[in-house]
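Numbering (this note's numbering), first residue to last: 268 to 507.
Backbone N, C-alpha and C define an ideal beta-carbon position, used for all residues, glycine too.
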């Protein structure tokens, strides 16, 4: 999969350019124009209409990756990163790769991500996505994490599985002391199963994060609808 290289903006419309001529409803912009342009330059389309060009960054590129049926949302991913404090020295194990959304955001922050997935179509999709994002610090593993975790002295383990309680013992043995286990659970019954089966971890919190955007037009303000309500519950456990 080709990566997104440039972003072209006209009014509130954003166009993602990978290669070749860019065809828009406001005209065509030639590949040669785009390649020669510097960030902030104004390019004229065949119609004479103007576009501002900038280089694509990680967030621009990840918006264009292939997605599975239930990719994690940025609101939940951001909370995981903020609550666990992972950084450029951290080692992370992720399971239930899916499209690789969470693994990609983690890899953009941490030193190394090992991500486990057993679904063949998800493996192929995630592999393409990691390549398009040019993430070289992810190791994609075709292995069932409920059968064990290879890595030791890990800083964070994230689970997006139907039965995360089956991984608790393996996760405890894999984490360093002070490390975190975070389970992403769409159903509250999954959280209950984790708590009921937990024998060693300290449960720090169970959280559901709701997100509401607002429209602001001068002195007229109103919440946008629909709001991003329930996506999943997050349970944060720590090895202490």
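- Could you check how far apart the C-beta atoms of residue 472 and residue 503 are, in whole angstroms? I think they sit under 8 Å. Beta-carbon to beta-carbon, residue 472 and residue 503 are separated by about 5 Å, close enough to satisfy the 8 Å threshold.
Residue 511 versus residue 418: straight-line alpha-carbon distance, rounded: With the chain covering only 268 through 507, there is no way to say anything about residue 511.
Could you check whether residue 365 and residue 389 sit closer than 8 Å to each other, using their CB atoms as the reference points? Closer than 8 Å, so yes.
Give the list of continuous beta strand (DSSP E) stretches no shorter than 3 residues that lie fully inside the region 393-424. Runs of the beta strand (DSSP E) spanning 3 or more residues and lying entirely within the region 393-424 occur at 405-408, in chain order.
> Buried or exposed: residue 431, going by 16 or more other Cβ atoms within 10 Å of its Cβ?
Replying inline: By the 10 Å Cβ count, residue 431 comes out buried.
- Task: With distances taken Cα to Cα, identify the nearest neighbour of residue 296 among 314, 305, 279.
- Result: The option with the nearest alpha carbon to residue 296 is 314.
query = For the candidate residues 448, 458, 478, whose alpha-carbon lies nearest to that of residue 469?
reply = Among 448, 458, 478, the Cα nearest to that of residue 469 belongs to 448.
field: Cβ neighbours of residue 298 in the same chain (closer than 8 Å, five flanking residues each side left out)
entry: Excluding positions up to five away in sequence, the list reads 286, 287, 288, 289.
Exercise. Leaving aside the five residues before and after residue 368 along the sequence, list all residues of the same chain whose C-beta is less than 6 Å from its C-beta, in chain order.
Key: Non-local beta-carbon contacts of residue 368 in its own chain, meaning distances under 6 Å to residues more than five positions away in sequence, involve 338, 339 in chain order.
Point to revise | For residue 346, three-class secondary structure by DSSP | key: Per DSSP, reduced to three states, the secondary structure at residue 346 is helical.
- Query: Helix, strand or coil for residue 277 per DSSP?
  - Reply: In the structure shown, residue 277 adopts extended strand secondary structure according to DSSP, grouped into three states.
- Query: Which residues share a DSSP beta bridge with residue 482?
  - Reply: Paired residues: 489.
### Query
For residue 330 versus residue 301, is the C-beta spacing smaller than 8 Å?
Cβ distance not < 8 Å, so residue 330 and residue 301 don't count as in contact.
Quick check on the DSSP output: the beta strand (DSSP E) that includes residue 362 runs from which residue to which? Segment 358-362, the beta strand (DSSP E) holding residue 362.
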